[in-house]
Each structure stands twice: as C-alpha cells, then as structure tokens.
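**Student:**
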Amino acid sequence: MLSHANRIGILGGITMVAAIALFFAEPIAQDPNYHQFADARPLCGLANFWNVVSNLPFPAAGCLGLSRHGRLSQSECAEAYRVMCWSVLLVGFGSAYYHANPANDTLLWDRLPMTVAFMALFALMLGERVLPSQNRFRLWLLVAAGVASAFYWSWTESLGRGDLRPYLLVQFLPILLMPFILLMFPERYLSNRLLLAAFALYFVAKLLEHFDGRIFSMLGFMGGHAIKHVAAAAAALCIIYAVPARRANVSKSQGNHCH
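Letter by letter, the sequence shown follows residues 118 to 376 of our numbering.
1. Does DSSP classify L248 as helix, strand or coil?
2. Buried or exposed for H186, please, with buried defined as at least 16 other CB atoms from any protein chain shown within 10 angstroms of its CB.
3. Spatial neighbours of F239 within its chain, please: C-beta separation below 7 Å, excluding the five flanking residues on both sides.
4. Are H346 and F154 close, meaning C-beta to C-beta below 9 Å?
5. May I have the straight-line CA-CA distance separating A157 from M295, to the nearest angstrom?
6. Between M236 and G263, which are expected to be in contact by the criterion C-beta below 8 Å, what is the C-beta distance as a whole number of angstroms?
7. If contacts are defined as beta-carbon pairs under 8 Å, then A122 and V169 qualify, I think. What distance do you get, rounded to the angstrom?
8. Is I127 close to the ligand FMN? I mean its beta-carbon at under 8 Å from any heavy atom of the ligand.
9. Hey, quick one: how far does the alpha helix (DSSP H) through D148 stretch, first residue to last?
10. My output table needs one value for L276: the three-state DSSP class, helix, strand or coil.
11. Which residues in the same chain as K369 place their Cβ atom closer than 7 Å to its Cβ, once the five residues preceding and following it in sequence are excluded?
12. Apart from the five residues on each side of it in sequence, which residues of its chain come closer than 6 Å, Cβ to Cβ, to Q288?
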C-alpha cells in the first residue's frame, strides 16, 4: 500500500505534467464560435432567453448551501464551504449576464465566480483528504490563482493574443485530480457518493454543452447548453450536500439563517 507521502507525490506528478504540457503548448485563444449557441431565440424581450433563465438553479443551490453553513459538522471546512456557496450563487448572475450578450468582455464575469468555485472545491478536498493543515492560507492562495487566471485570459484577449492556458489549468486540474483523490485517500467527512455523483453530473454537463446543436434539433424547444446549466447546478448541489451538516432545529432559538 502506498504511503501518504507517495500518494501526495502522485498528485504532484500529475499536476506537474499538466502544467508543463500547457506551458509548452501554443497559447490558446478564445474561439469566436464559442459565443454562438444553437438556441439564441429571444422571449419576453430577453435575448437568448433559455440560456439566460436556465442559470436560476445556481443561485438556488448557492443559497441552499449558505443556509446550511451554521450547521456544518466540521468547522475546519467552513470558510472554503462558504466561499464555494457564494461563488455558486454568483455563477448564476455572471452566466446570465454573459448569455444575455455573449462576448469575451461579458464572458469574464461568467468565468470569475466559476473559477473561484472550482478553487474553493479544490481547497475543500485537499484539506479534507490530502493536507489537513493551513486550510485558510491554501484556500486564498488557490482563489487568487483562479482569479488571476481569468483576468490574465481577459487581458491577453484585449491585446489580440488570447491565452487560455492558465485558466484551463485552474478549471480542469481539480476535475482531473478528483478521481485520484477519491481513490487514494480515505474518506473523513466528505461524502464519496455525492462527490462521485457531482463528477458524473459535471461530465454530463460537458456532453450537453458539446452537443448543444444536436440536442436543440432533437428537442426543438431547448438546446443542450441550457440543460447543461441545470446539470452543472445539480453537480454543485451534490458537492454542497457532500459536506455534512447537523439537522436544522425547528425552534426559533436555534433556527438557521443564510449568512
């Protein structure tokens, strides 16, 4: 059986290989076709109606998560959990803003809360399974890296030589490492079952995004991208509920409020 240090070494090796591969790759500019969605129909005076309103589950999931914050069973994860829930909530507003007028400028405000959510999740998993010390420092270091990657991409696009590489590393590295973390490190309090469900739902969301046009042609009333938002919000909700919390007390004196 591998020692804890060896398992950390495997994660570090995967991270290093991914970072080196992206470093030596050519800069990746944002594809202009990214902003072309299959279902761009306006409704009720709102452009791209379904791609906008399908973001409503994100604020709902974020607020549900925040309502549990005061009842978390593990105080060590409270800060990362709170950052993650606020980010999920803000993803709904940032994504709706972007889809109302899809362009690189508005895409930044979609990506910022998303990358903070990914980094908070990464910090949560590292603190629970891999490195259970210095949680606060690690959380804000990862969040800063995520925010910097989004602003770096936006800045390079403004210069006419867009570079998505740091953003891609920040978004997909936690997803790449998650199966290894779940397989190699014992569960302490985060639910493996719900984390695996979140991983599966995120994979489904990416498939829905990829087959946006085909799904719209098949259904006729909604594209894959809009359904992707619902699947991604469901994945976020699974992650939120993977963090254990005590049952809500119905008494007024111990009632819980959204923080």
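Using N, Cα and C, we set each Cβ at its ideal position, and we do this for glycine too.
**Tutor:** Looking at the atomic coordinates:
1. Here L248 sits in coil by DSSP.
2. Counting the other CB atoms within 10 Å of its CB gives H186 a total of 16 or more, which places it among the buried residues.
3. Excluding positions up to five away in sequence, the list reads L259, P291.
4. In this structure, F154 does not lie closer than 9 Å to H346 by Cβ.
5. Spanning the two alpha carbons is a distance of roughly 34 Å.
6. Here M236 really is in contact with G263; their C-beta atoms are around 4 Å apart, less than 8 Å.
7. The Cβ separation is near 48 Å, so there is no contact.
8. You won't find the ligand FMN in this model; it holds no ligand whatsoever.
9. Premise fails: D148 is in no alpha helix (DSSP H) and is neither H nor E.
10. Coil, per DSSP.
11. Unreliable placement is indicated for K369, whose pLDDT of 44 sits below 50; no coordinate value is reported for it.
12. In its chain, beyond the 5 residues on either side, F235 have a beta carbon closer than 6 Å to the beta carbon of Q288.
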